[in-house]
Amino acid sequence: MRRPETGRAETAAPITTGRAETARSTTGRAEPGRTTTGLVIVVGDLVTDVLVEHDGPIQPGSDTAAAIRVSGGGQAANTAAWLASAGQPVTLVAAVGDDRAGRDRVAELAAAGVGDAIEVRPGAATGSVVVLTGAGERTMITDRGACLLLDPAHVTRAIAAAPPGSHLHLSGYPLLHAGSRPAGLAALAAARDHGLTVSVDAASAAPLRAAGPEVFLAWVRGIDLLSCNADEADVLAGPGDPATQAARLTDVVQHAVVKRGAGGAVWASRGGGSWSAPGVPVPMTDPTGAGDAFAAGLLRSWLAGDPPGTALAAGATLGAAAVQLLGARPAS
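Under full-length UniProt numbering, the very last position in the sequence shown is 332; numbers go up by exactly one each time.
Here it is as structure tokens:
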């Protein structure tokens, strides 16, 4: 930590073959999926998850029986942990408070093999999220805490120090909250300045809607890959089937992925390529972290040179592994 200075994969099926991916992105970098094999720098949130698994409806004003446990969470941290579990060199850039929770969260990631570029914010509390799960759905009640204090200069230094061939994966959460937005924008600028390829996860539909889809898309314009779930795609691309939504998003980014949960995912590339992969049918224990695991599997595969359909299937496989676990991280 650093203190501030002052089930089985199913074969992917192409929807249309389209034209092959362009050899260069709009920023002039070599396209990932062909040459990028180095470090993945994940920028975003590291929090404590309080997981509440209830069998029946919540009873307002009374008691509801539930199983409750505490673990590490945060979209960026979860993705980093799943990347490390898949053998991908990865470093997390995030902020925690100077408290027991922050120390525990950093120790968990170190044990998982995630590199540490985490800053400690004195006087702040580590972020926390209460995750209510039941009947295959989840609701999150969030206190972002120190996540909102992520220092843009710290982010810029971490990205500038990355070795050649590195990739930035940015959780959308820093962009979607005013306190952390300068750090999110600094990550995108530093990646552009230092020639990193870039992927962004759209994060969550409600704050996307509050920020404004046009504003968010302006922030991420020209990046290599944008990933969103069905609700986020509705906000960013408007109504339509997932393949149509993904194709619309390629007016802004090089490649777009729309996830459909158990229904799999679709990928569209600027120039017309489109691919799909089905979900992997497995018994569900807890959906928390499934999208983060999907992102890790997809990135690990694509950055290693696999084509989009194969990368989608890899994401679906890791996402299926996640839903069979309680909590958002790989089993230790």
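Ideal Cβ positions, reconstructed from N, Cα and C, are used throughout, including at glycine.
Residue environment, residue i, which counts as buried when at least 16 other CB atoms sit within 10 Å
i, result
"E119", "buried"
"A94", "buried"
"P330", "buried"
"L318", "buried"
"D201", "buried"
"T271", "A small correction: the amino acid at residue 271 is Gly; Thr does not occupy that position in the sequence shown. Under this definition G271 is an exposed residue."
"Q245", "buried"
"D99", "buried"
"G123", "exposed"
"T126", "buried"
"Q75", "buried"
"P32", "Any reading at P32 needs caution, since the residue's pLDDT is 46, under 50, leaving its predicted position unreliable; the model's value is listed next. By the neighbour-count rule (16 or more Cβ atoms within 10 Å), P32 is buried."
"D241", "exposed"
Secondary structure of residue i, DSSP reduced to three states
i, result
"A67", "strand"
"S85", "helix"
"V282", "coil"
"S25", "Residue placement at S25 cannot be trusted, given a pLDDT of 39 that sits under 50; the coordinates are not used to answer."
"S332", "coil"
"T156", "helix"
"N78", "helix"
"V253", "coil"
"S204", "coil"
"D306", "coil"
C-beta contact flag for residue i and residue j at 8 Å
i, j, result
"L312", "W275", "yes"
"G134", "D55", "yes"
"D45", "A328", "no"
"V90", "L168", "no"
"E53", "A65", "no"
"A218", "A190", "no"
"A112", "A84", "yes"
"L109", "A77", "yes"
"R105", "G72", "yes"
"Q324", "T285", "yes"
"residue 401", "W267", "Missing from the structure shown is residue 401; the chain here goes from 1 to 332 and no further."
"A211", "L176", "yes"
Supposed close pair residue i, residue j - CB separation, criterion 8 Å
i, j, result
"A314", "R300", "7 Å"
"G145", "G87", "About 31 Å; that fails the 8 Å criterion."
"L196", "E232", "So it is not a contact: roughly 23 Å between Cβ atoms."
"A186", "P164", "Not quite, the Cβ-Cβ distance comes to about 20 Å (not below 8 Å), so this is no contact."
"V252", "V220", "7 Å"
"G115", "L92", "7 Å"
"A262", "V235", "Wrong, their Cβ atoms sit about 21 Å apart, outside the cutoff."
Proximal residues to residue i (C-beta, below 8 Å), its chain only, five neighbours per side dropped
i, result
"A316", "A9, E10, G264, A265, A277, P278, G279, V280, F294, G297"
"V70", "T48, D49, V50, L51"
Residues near residue i in its chain [Cβ-Cβ closer than 7 Å; skip 5 each side]
i, result
"residue 353", "Residue 353 lies beyond the residue range present for the chain, which begins at 1 and ends at 332; the question has no answer from this structure."
"D292", "Q75, N78, T79, W82, A328"
Beta-carbon contacts of residue i that lie in its chain and below 6 Å, excluding the five residues immediately before and after
i, result
"D306", "none"
"M140", "V129, V131"
"I58", "T64"
"A101", "T48, T126"
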